[in-house]
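Quick notes on the structure that follows.
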Amino acid sequence: MDITVTPWSESSAFPLLTTLTLVPLAAMIAILCSRTSTVALRFGFAGASLTVLLSIYLLTVFDSASLGIHLVEQAHFAGLSYRVGVDGANILFIPLTAVLTLLALIYTLITRPVIARDGVYAARLPGADAAIARPVLSAAEGDGVTTASQPGTGEATDKLFIACLLGYETILIGAFVALNVLQFWFWCVLELVPLALLTSHAGTGQNRRWVVVQLLQYWGSGLLMSLAGFMFLAFGLIDAQHALTFDWLTIKQNNAYLHDEVLIFVLLFFGFAIRMPLFPFHGWLPVLAEQGTVASAVIFLVGLKLGIYAVIRFILPMVPGVAEQWAGFVVTLGLISLFYGALLALMQINIRRLLAFAVISQTGMLVIGLFCFNENGLAGSLLLSVTYGLAMAGMLFSIGLIYERTRTAFLPRLGRLFDTNGTLALLFLISALSMMVMIGTPGFDAAHLLVEGIVKEYGWLLAIAILVGNVLSVASLLWAFLRIFMATPKRAKQPYHCAHHPVWKERIMTAVICLLLIGIGFYTTPWLNFIDQDAAAIEKQFPMHGEEAKDGQHE
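Here the working numbering is used: the first residue of the sequence shown is 1, the next is one more, and so on.
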């Protein structure tokens, strides 16, 4: 099947996708070269804001009415090829990455310590009646870490933290737009660098280095499996008198010549399953959520969606027949992940671990939608991935600011915070309702499409099971909302004081997230238009579900 390729010069005034990748990279370099964390934060905001504007421009120049890959940029040098492009499978993940990066910087601005007149940090400590001047502290997360360091260390930590956020943004955008399998894999490898640095240097837990080791073990095995799968894809065309290539378009258009398709599917699927994460490859996520930073976790949410995107980009189009044959196994894993994550979330007393298991539950639902092999399931999973990313970011910001005030993430120690933290309560509730796929949120239309796809392929019984699993997952979030903001604490809590917190900045962040969720929810059609055409095109490629199979049934 030939794929229409539209070069960037026909739609954009400049190489837009490469610019989107390089802008946060340039900001990261400027941050590392800056003298103070205040200047570094300004560079960060400049780079993140420009990236948001460029992502909006990307949506305006993208032609959703025509199929194929748009805004393609390519170059060849030293025997290597560079190719990037966008279509319905990745177009929405780019603005999502840009918006969440900017919000993460706003969160950092809210929680970072103020600078006292004498040049030292004035840390906002829980229970203090005023800012207390202390030596420079490691406060990239703004969580009141009280380990003093030498003068200048806090500045370096702040700069490293902000630079890692911008570097993470560069890596994610580069991975989403990559149309070369080896290029995509290298971006995934680079993702480990900022994630490990953010966790080890700015995390809030006591076992951060152990968490980094766990992360390297899990992701290392996943990267090795996906690399092996990509190698089988590339070398599989040599016997068919094709030159060795890692170009996605070339492999896709000649996938009929591939050998060892089952092995390719197994290697790629299990490699990506670790990234999603899907049961039983999820063990690293709860510990990372508990020990890591909130700001980096927000960007990491988009990184998790990279696994879902990789299935759509590198598995379903490349080995569609094998994907259909393995659908029963994948759907079974998805169901287990859905209910396992939901039930484990209900059992947690640490709010961060609760959210991690909720993500695992969501992943099961999204994977089942992908393996419906029809337009509704694919479009619903894509849009629901974006919705979940934005909604979960809202909840992470809310609990992060609650932690910054109370110094605890344990639910029994929290309670009755609605009166003093109404803005954060609203942010948490709207985000939870979006994940509950309530009417008026973008998740409603997305979940409606996904359920239609499941009913069409697997029948009502599985669709009802999916809805029950989703209700259980959301029940854990609403239960957490009641425990944090409404119920009486079961244990004595430490007093806290929030007079020095910039409430107006919290309100801005809350307004942005809530307006995005509600606005997209009431006006979902434009966003679905970005996805529909390509979802329908993917459906046609499946041997047992495409047009040829349907024509055979009619005959």
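Beta carbons: idealized from backbone N, C-alpha and C, even for Gly.
PRO7: not part of any alpha helix (DSSP H); member of the beta strand (DSSP E) spanning 5-7, first to last residue.
Taking C-beta atoms as the reference points, ILE312 and ALA89 count as a pair closer than 7 angstroms.
Check the Cα spacing between ALA345 and each of LEU383, ALA480, TYR257: the tightest is with ALA480. Judged by DSSP secondary structure, GLN74 falls within the beta strand (DSSP E) whose first and last residues are 69-77. Rounded to the nearest whole angstrom, the C-alpha separation of GLY443 and PHE77 is 43 angstroms.
Rounded to whole angstroms, the Cβ separation of LEU197 and CYS164 is 5 angstroms, and the two are in contact under 8 angstroms. Here the alpha carbons of VAL330 and GLY364 stand approximately 9 angstroms from one another. Excluding its 5 nearest sequence neighbours in each direction, LEU462 has C-beta neighbours in its own chain below 7 angstroms: ILE454, listed in chain order.
Contiguous beta strand (DSSP E) elements confined to the region 164-199 do not occur, taking only those with 3 or more residues. Uninterrupted alpha helix (DSSP H) stretches at least 4 residues long and entirely within the region 227-303 occur at 248-253, 261-275, 284-291, given in chain order. About 6 angstroms separates the beta carbons of GLY389 and LEU96, which is inside the 8 angstroms limit, making them a contact pair. DSSP, read as helix, strand or coil, puts LEU338 in helix. Between GLY380 and ALA446, the beta carbon gap of about 5 angstroms places them in contact (Cβ cut-off 8 angstroms).
Proximity to PHE279 across SER226, ALA358, PRO320, GLN291 peaks at ALA358, based on C-alpha coordinates. In this structure, PHE281 sits near ILE274, with a CB-CB distance shorter than 7 angstroms. Judged by DSSP in its simplified three-state form, SER473 adopts helix. Ranked by how close their Cα comes to the Cα of VAL5, the residues GLY167, ALA228, LEU249 have LEU249 in first place. Counting C-beta pairs closer than 8 angstroms gives three or more between the region 11-27 and the region 35-48, which meets the contact rule. In the displayed model, PHE542 falls within coil according to three-state DSSP, outside both helix and strand.
Straight-line measurement puts the Cα of ILE484 at about 13 angstroms from the Cα of THR423. The continuous alpha helix (DSSP H) containing ARG353 extends over residues 351-370. For the pair SER200 and VAL212, the Cα-to-Cα distance works out to about 7 angstroms. Contact between the region 410-418 and the region 366-373 is absent: fewer than 3 CB-CB pairs across the two stretches fall below 8 angstroms.
Here TYR309 carries a helix assignment [DSSP, helix/strand/coil].
Contact between ALA356 and PRO412 is absent: CB atoms are separated by about 18 angstroms, not below the 8 angstroms threshold. By the Cβ-count criterion, ALA65 is exposed, with fewer than 16 other Cβ atoms from all chains shown falling within 10 Å of its own Cβ. The beta-carbon distance between SER431 and ALA391, rounded to whole angstroms, is 4 angstroms. This is short enough to meet the 8 angstroms contact definition.
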